[in-house]
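Below is one structure; the comments refer to it alone.
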Amino acid sequence: MIKYFILIFLFLIVNKITYSNGSQCSYRDSERNITYDLEPFFTSNGTPINDFSLLATTKPLNKDHYWEIYFNLCRDVYLSTCSEVGNTSSCQKNMDLGNILDQYDTGSFHNVSFYEYGFDLIYRSPIRSGVSAGSCELAFDPNRRVTKFVLKCNYNAEPFIISIPMEPSVCYYMVIFESRHLCGCPFKCSLPHGNCSEHRCLCDQYSTGYDCTLLKIEIYSVLSTTIRGGSGYLIGNFTNITPSFNIIISQSNVANVILLNSSTIQFSIDAGSGIQNVSIVAGSLSYVSSYTFQFECLPGCTLPHGQCDNSTSKCICDDQSKGDECQILNIEIESCNSTTIYGGVGFIIGNFSFITFKFDVFIGSLNATDVQLLNSSTIQFSIGPGVGIQDVSIFGENLSYVSINSFEYINKQCLSDCSFPHGQCDLFIGQCICDDQSKGENCQILNIDIGSCDSTNLNGGTSLIRGNFSFIPPKFDILIGKLIATDILVFNTSTIQFSIGAGEGFQNVTITDSISSYTSINLFAYKGKNCPFNCSQHGKCDLINGKCSCDTQTNGTGCEYSRIFLNSIDPTDGNGGTTYLYGYFGTTTPDLSINIGDAPCTNILQINETSIKCDAGVGSGFKTVFFQDRDLKASVVNLFQYFEPIIPNSPKKCIDDCGGPIKGVCTSNGCSCISPWMGNDCKAKLVIVERPSLNYSDPTTDMEIVENNNNTDNQIDNKLFHSLVSISKIREYDYQSNEVYSYTFSSWEFIKINQTANQYNTSFIKSGIETFITVKLEWFDNETGIEFANQNITMNPSSIKYTIEISKYQFSSKLNRLQLIMMASLSSNKTDDVCSDKEFGETTNGDNSNYLKIQVDTHSLYGRFIKRAIIDSMPRAIDNIPLDSSMKPVDSASSSQSYIGISVPYYQNQIIIDPDFSLLLGFSSKSESSICSDNNFSKLSALHISSIAICGFVGLLTIVAVVIYAYYKKRYDRNVMKEIHSKISRNVELYM
């Protein structure tokens, strides 16, 4: 086998390898805290060795072979022996008889394995290309030379011993190095404070000990605290203590550690007991003090009652004491009988078995007197005046016991002075204690009883009072009404005689000593005629003729009948507010109360005998009104009503910029149109028409528009638009929208007011009540501003306003509503290429109304229905409801009809509503709801006419044809309009 010569340079290895100060000669085992420095192998007397070799010679096959390993681990220079190759680290030579056969680059170390007493260095070097000898193809690592250096600890090797290299297998070599420098420290050095050097741990400034695990401090003494804890101190040498450290005193909680100076550490400790060890810990460093921390007994633990047990830090008390310092009397207080604020005798109940000495009792800061230990469970004492709740303290033999807030000076005051001196207040119960001469809650009643009193005539005289007068005071007065009796004489304990002056009627009898008194109501009578029911306490009896003079609230011979009645009360909205109650109330008294439902009507003020003002609370719906003044009561079920508030229209989006700047302006509520433009998009224009002709039979408005196409041939193709507005019927329906009554108007009385206004009157009777309906129709030629129900409204020119007044109506229920039904229609004589449509919604110009728009072709009938009415003289909200779904109007392409129900809530006297109507001109438009005619005929007619015009058909035949056509066309228009009127009239009658 061919031998190889190997020169190795040791490189720094990753994972467990650490280089020191850039040197390539040291390896660190961080797990064992050992650094191996190989530099002594490659120095001689301190001088580095550039090329150091080991030589071994063998002579197989009569040839001289030797192999050399050259080292250069500690200097980064070229090896002179291998300089031919140019490797700066290591090389390997194969020599034969002194001749270099070949040389190789040995590569670098790639693995380090540490063990307890040394480590291995392994490198693998590739076979250089073109090598003529030394093939490693059969090696366990093919084409690589693997060399293992075993570095062992040998304390006897100085500086080192290198064994003869071995080749256990092909291209695998092993060299053993032994040296004392390969020996680590006998103990693991504590990181980061200790490092192994020269076979021992070198500690930093904070640590000491053979493995650098001890803090480099000393504790000379420990200043402890009592068992309650507090601030403690360590005295010693802390010059080299680490910046951060903790103090551990057995299981106690230590906090707020402060290094006051190099000799003192302050800390705080929680309460504890006994003797405990003290140690200081800073990371991996620690110090255990030979001095212990001893919780001391509290300073009050002294003889004769207490003695400290140092092992437990507890104070051992005798039988007479207890507590942490044996400073508390060994007693228990269970309760303390209190006194009034004037003081007195008290008792303390508890366990006083161990009291064998003299002691004092304090109530608050007052020292009790006459203290006696009655037995082992009761102490009696006397205490002076005081107030409130006080502590009870017992002192004796330098011991004390305090019972917090266990004594109370009772001070339950009475509601009066108890008619002193007849009564005194018992402060324990807060009640008056009366003497024998008085009785009653406040001792205000004399302790007597009056059974009867003889009458006199109207001139007065002598009378006798009979009863029980055993405890009557020595001095007293007798009053008959307001008169003071004279000549009083007590015959015995049951009879008193007196004299009284002239008077009349029934009078009270009162006996009083100016402090307490006794009164018997109406017991004395000046003789005369008695009045019935004694005038029921609502009148004055004339004993001469025996007649009552009644107050304003009653009548009858004995004032036994109430005159009080409730007629009406003004409603409010749901927020309540001031209301007025009407009826008859007479002259009320301070006892008057009025309730609306369950809630009182407050701030009552009587205006006169027939009206009262008060403030109603928040509520809803109908409420019963209750009236009571003394014993007089009156009530009416559901007399008061909370009505719904008037809510403005909700904001709408502006449509198509409101027709442009000259037609309308976009506001937060929607489009606000500029006259004469109208509609939600301001694209419809008011049509100025002639004032409609008078209708003498009913309040129906008939407005016509003739649209002239500028034809001179007898108005051929002129379009006639005909609008109709009428009042159909009135009906009552319940809260479930079920009709309970209806009336269709048939006859009206006509009254002409002036050139622009007419009035129509009618009436009907329901349940014996006649309801009158007045309709005023007013025509406006010009734009006019009016006010209705506290709201300003602009009337357009050529518009008709209906002012409808309905008088008292007999509702079947106050929960029902009344609905006035109006019909509006628009028709045209044009039947071809025409559409009709209608819409109902809310206006956007700020008048808070609903609108109805009926459109035929380019013209519209526009109705405005204000969402408020004057109900019982107050503006209130109403509803405008389209009824086409139930009334089934007649609609076609050239005519459209609609019904609107104006619904009002329950009222008492009168309602006024105020719709108005106008005609508009706009664009003919179609929608999903439009009804349109068939346009084919119109288109054919236009085509024929154009053909005739182009072909120049003129002559007599044409003229005749045109005249005949015009004649029949005019007749046809009239017949169409008659038929429309006929259909409308029949429809109105059909659905009424």
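The opening residue of the sequence shown carries number 1 in the UniProt record's numbering; numbering runs sequentially from there. Every residue gets a Cβ at the ideal spot worked out from N, C-alpha and C, and that includes glycine. Keep in mind that this is a model prediction, so the values were computed, not measured.
For residue i and chain C, any beta-carbon pair shorter than 8 Å?
i	result
T803	Checking the listed chains, one finds no chain C in this structure; it contains a single protein chain.
With distances taken from CA atoms, which of the options is nearest residue i?
i	options	result
T831	T771, I931, S798 and P905	I931
G388	L374, S406, A255 and R817	S406
S263	V254, G660 and E218	E218
F780	T774, A789 and Q755	Q755
G184	H193, V170 and N154	N154
M874	F471, P645, C301 and Q276	P645
T369	E167, S549, L920 and P385	P385
G901	F750, L605, K729 and C171	K729
K663	S562, I647, G194 and D681	D681
So is residue i buried or exposed if we call it buried at 16+ other beta carbons inside 10 Å?
i	result
V345	exposed
N447	buried
F917	buried
T456	buried
E325	buried
N330	buried
T762	buried
F643	buried
S723	buried
Q390	buried
L215	buried
K888	exposed
L303	exposed
If you draw a straight line from the C-alpha of residue i to the C-alpha of residue j, how long is it?
i	j	result
S499	D454	11 Å
K653	S925	20 Å
C559	G343	59 Å
K358	S376	14 Å
F811	I821	17 Å
H181	S289	38 Å
E461	N442	For clarity, residue 461 is Gly in the given sequence; the question names Glu instead. Roughly 34 Å between the two C-alpha positions.
D319	S311	22 Å
I348	Q380	6 Å
K683	T700	28 Å
L234	A282	16 Å
Q537	I793	58 Å
D702	S825	10 Å
I394	V402	7 Å
G863	S886	20 Å
G274	C308	11 Å
D872	F585	22 Å
D598	P882	38 Å
L523	G451	9 Å
S438	I594	40 Å
Taking DSSP as the reference, what is the three-state secondary structure of residue i?
i	result
L820	strand
N468	strand
S886	helix
G501	coil
P532	helix
C658	helix
R630	coil
R864	strand
H181	helix
Q537	helix
E704	strand
P651	coil
P600	strand
P875	strand
Q553	coil
L581	strand
* Continuous beta strand (DSSP E) assignments of at least 3 residues falling wholly in the segment 369 to 402 -> 369 to 375, 378 to 383 and 388 to 396
* **In chain order, each beta strand (DSSP E) run of at least 3 residues that lies wholly inside the segment 310 to 373** => 314 to 317, 332 to 337, 344 to 351 and 360 to 363
* **Runs of beta strand (DSSP E) lying entirely within the segment 766 to 836, each at least 3 residues, in chain order** => 769 to 780, 784 to 788, 791 to 795, 799 to 806 and 817 to 828
* To do: Just list the beta strand (DSSP E) runs in the segment 431 to 461, keeping only unbroken ones of 3 residues or longer that don't cross its boundaries, in chain order.
  => 431 to 434 and 449 to 453
* To do: Ignoring anything shorter than 3 residues or poking outside the segment 200 to 256, list the beta strand (DSSP E) runs there in chain order.
  => 200 to 203, 218 to 223, 230 to 237 and 246 to 249
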